[in-house]
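Chains as they are written, first to last, in the numbering used here: chain Y, 732 to 843; chain P, 5 to 117.
In structure tokens, the structure reads:
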């Protein structure tokens with residue numbers, strides 16, 4: 732199985748700050764069609780996960796451009812600029828290139 | 005709008021079985037596979053597998069090849085997760101998801117004697 736390693740496991744942030752979360756995979760996430768199926772999800776407290784970014788850098792509808800995703804092959808980053816209170820929760824990276832799909836361990840974003 | 009609505013919470017005893025439903029609406033059900041994800045209390049997301057909504061063929065991740073059954077009622081745009089011979093470690097919230105873009109609200113399953 733592809734192991735997804737997310738760091739840091741938790742982040743304390745002040746409103747308005749910017750943060751980055753790293754996600755590294757044990758294998759390349761480039762599929763045979765040339766696309767990279769690495770996604771970012773946010774799970775707010777008590778809620779189901781919500782996809783924010785798909786295929787490394789594409790924002791889902793309604794996601795503010797304060798969120799951005801970069802990376803390639805095995806190394807990916809989610810950046811949140813000007814953090815707002817509604818951004819708090821647990822962020823997961825997820826890969827759907829290989830079966831079984833796998834998730835990172837999560838990064839909990841909390842208020843400082 | 006696209007929605008996945010799951011059945012309500014379940015309280016079961018070890019050895020019993022249950023069946024969770026996931027009703028899809030707002031899109032053509034057979035266009036996308038349905039995924040299933042387990043989240044134990046206070047833990048991360050654990051992928052269980054998927055079911056082909058055109059053929060009904062399920063594919064299970066290794067940890068879920070025993071006791072777990074994915075099925076469909078395509079005419080009702082509904083996917084099901086059945087868990088047989090429940091164990092304490094099955095206590096978790098179970099999510100259905102389409103492409104990981106759309107998620108059900110989760111079904112809390114508690115297994116306790």
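Where a beta carbon is used, it is the ideal one built from N, C-alpha and C, also for glycine. Treat the numbers as computed from the prediction; the structure is a model and nothing was measured.
- In the structure shown, the three-state DSSP call for residue 34(P) is helix.
- Interface criterion met: the Cβ of residue 105(P) is under 7 Å from a Cβ in chain Y.
- Between residue 808(Y) and residue 768(Y) the beta-carbon gap is near 16 Å, outside 8 Å, which marks them as no contact.
- Shown in chain order are the members of the stretch 764-797 of chain Y whose Cβ falls below 9 Å from a Cβ of chain P: 770, 772, 774, 778, 779, 780, 781, 782, 785, 791.
- Sorting 797(Y), 773(Y), 733(Y) by C-alpha distance to the C-alpha of residue 755(Y) places 733(Y) at the top.
- The shortest CA-to-CA distance from residue 41(P) to any of 59(P), 63(P), 78(P), 115(P) is the one to 63(P).
- Of all residues in the stretch 62-80 of chain P, only 63, 65, 66 place a beta-carbon less than 8 Å from a beta-carbon of chain Y.
- Bounds of the beta strand (DSSP E) holding residue 825(Y) are 820-826.
- Within 8 Å of the CB of residue 108(P), the CB atoms of chain Y belong to 779, in sequence order along the chain.
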